[in-house]
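**Student:** Number 19 in numbering that gives the first Met the number 0 belongs to position 20 of the sequence shown; there are no gaps in the numbering.
Don't be surprised by glycine CBs; every beta carbon is placed ideally from N, CA and C.
Below is one structure. I have some questions about it.
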Amino acid sequence: MNKIEHIGIAVKDLSVAIPLFGKLLNTPCYKTEQVESEKVTTAFFKKADTKIELLESTDPEGVIAKFISRRGEGLHHIAFDVEDIYAEMKRLQDEGFVLLNEIPKKGADNKLVCFLHPRETNGVLIELCMEQQ
Ligand code: ZN
């Protein structure tokens, strides 16, 4: 488990949130990307080493749409950079954490990702992400 790779924020409307975060961070969005597997469009901002990922649902039944209908917009997940996602998934499983996906999946930004069930992490959704070679 290395540094925080990014922080994910669920938003209703990227066309509103992108200019807002651009003003907040005083830097433009450098990339948007649709992630089929998660039914989201993502928008990335970078400040020094810190990335912010805004997530808008592309599907009313998608995880982000459901999250917003339950809890409203806001902090959705914290993503940690890992060197070996398979080893880290095994380690965390052995420690009693529950993986939401048993096999790493393709996330935004050319990463392999795995999420941990927030029930075991004080309600915070944790993402592991590994740069793909
Ligand atoms: Zn993420």
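With a floor of 3 residues, list each beta strand (DSSP E) that falls wholly inside the stretch 45-80, ordered by position along the chain.
**Tutor:** Correct list: 49-56, 73-80.
**Student:** Can you list every residue whose CB sits closer than 6 Å to some heavy atom of ligand 1, going in chain order?
**Tutor:** Listed by chain position, these are His5, Gly7, Glu52, His76, Ala78, Glu126.
**Student:** Should His76 be labelled buried (16 or more other beta-carbon atoms within 10 Å of its own) or exposed?
**Tutor:** Taking the sequence shown and counting its residues from 1, one reaches residue 76 at position 77. Buried: at least 16 other Cβ atoms inside 10 Å.
**Student:** Compute the Euclidean distance between the alpha carbons of Cys28 and Gly21, then round it to the nearest angstrom.
**Tutor:** Counting from one through the sequence shown, the residue named residue 28 turns up at place 29. Counting from one through the sequence shown, the residue named residue 21 turns up at place 22. When rounded, the distance between both Cα atoms is 6 Å.
**Student:** Just tell me which of Leu24, Phe66, Val97, Lys104 has its CA closest to the CA of Leu54.
**Tutor:** The residue labelled residue 54 in the question sits at position 55 within the sequence shown. Out of Leu24, Phe66, Val97, Lys104, Phe66 has the C-alpha closest to the C-alpha of Leu54.
**Student:** Assess contact between the stretch 58-74 and the stretch 3-18, defined as three or more Cβ pairs (one per stretch) separated by less than 8 Å. Is contact present?
**Tutor:** The stretch 58-74, when compared against the stretch 3-18, does touch it at the 8 Å Cβ threshold.
**Student:** Three-state secondary structure (DSSP) at Lys11?
**Tutor:** The sequence position of residue 11 within the sequence shown is 12, counting from 1. Looking at Lys11 - three-state DSSP - the assignment turns out to be coil, as it is neither helix nor strand.
**Student:** On the DSSP bridge assignment, give the partners of Ile3 in chain order.
**Tutor:** The residue given as residue 3 occupies position 4 in the sequence shown. DSSP, once it has assigned bridges, lists Phe79 as partnering Ile3.
**Student:** With a 10 Å radius around its C-beta and 16 neighbouring C-beta atoms as the bar for buried, classify Gly95 as buried or exposed.
**Tutor:** Reading the sequence shown from its first residue, position 96 is the one you call residue 95. Result: exposed.
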